[in-house]
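Each step along the first sequence adds one to the number in the working numbering, with nothing skipped, and position 61 is 479. Note that the Cβ used here is the ideal one computed from N, Cα and C, for glycine as well. Right, one structure below, let's go through it.
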Amino acid sequence: MAVHNFYQQIYEVVKLIPRGMVMSYGGVARQCGHPGLARSVGYALHALQPGARVPWWRVINSAGRISIPGAEASDTQRSKLQAEGVVVDAETLRVDMRAYDAEMIVYEKLRRRRP
DNA sequence: CCAATGACCGTAA
DNA sequence: GTTACGGCCATTG
419 MAVHNFYQQI YEVVKLIPRG MVMSYGGVAR QCGHPGLARS VGYALHALQP GARVPWWRVI
479 NSAGRISIPG AEASDTQRSK LQAEGVVVDA ETLRVDMRAY DAEMIVYEKL RRRRP
């Protein structure tokens, strides 16, 4: 499948999320310059090939919850986050967005890159 | 081309 | 704290 520019843009933003932090699908969409395309962000991450150097596990939903379907996949994401020091509730799969949201940091990075 | 789908979001109750 | 619903729009069938 051909790599769409739209996807590339999403991947570039996700790559800017620092280790040990997270960002919502909607946040990624906003920083891509496409507010409202949160669902498409999920779609783009779903289309990622294994081995792609994109930290997809740092993207969760706006409620601060891991949102991958399937117990296996969600458990993988939880492990990867915890390995980076992110506190994830084992039962609710929830993360404290107030403490870990990287949207402002990514915003500053982009502002510096493309003023 | 039209209809359904989805790793979502904000609001409302 | 929760669930429900409408809106969103690229991608897929």
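Classify residue i: buried if its beta carbon has 16 or more other beta carbons within 10 angstroms, exposed otherwise.
i: Ser497; result: exposed
i: Gln426; result: exposed
i: Gly445; result: buried
i: Asp514; result: exposed
i: Pro533; result: exposed
i: Glu521; result: buried
i: Ala447; result: buried
i: Val500; result: Reading off the sequence shown, one finds Gln at residue 500, where the question assumed Val. Exposed, by the Cβ-count rule.
i: Gly469; result: exposed
i: Gly482; result: buried
What three-state label does DSSP hand residue i in the structure shown?
i: Arg483; result: strand
i: Arg432; result: One point to set straight first is that residue 432 is Val, not Arg, in the sequence displayed. Val432 falls in the helix class under three-state DSSP.
i: Asp514; result: coil
i: Gln505; result: Correcting the residue identity first, residue 505 is Val in this sequence and not Gln. The answer is coil: DSSP assigns Val505 none of H, G, I, E or B.
i: Val446; result: helix
i: Val459; result: helix
Taking the straight line between their C-alpha atoms, what separation do you get for residue i and residue j?
i: Gly488; j: Arg530; result: 38 Å
i: Lys527; j: Ser485; result: 26 Å
i: Pro453; j: Trp475; result: 21 Å
i: Gln495; j: His422; result: 25 Å
i: Ala517; j: Arg457; result: 24 Å
i: Ser492; j: Leu455; result: 22 Å
i: Glu509; j: Glu490; result: 14 Å
i: Lys433; j: Pro473; result: 6 Å
i: Tyr461; j: Gly438; result: 23 Å
When you measure from the CB of residue i to every non-hydrogen atom of the ligand MG, does any distance come out below 6 Å?
i: Gly454; result: Within the structure as shown, the ligand MG is missing, as the structure has no ligands at all.
I want to know whether the segment 460–467 touches the segment 502–512 - three or more CB-CB distances under 8 Å.
Counting Cβ pairs under 8 Å, fewer than three are found: no touch.
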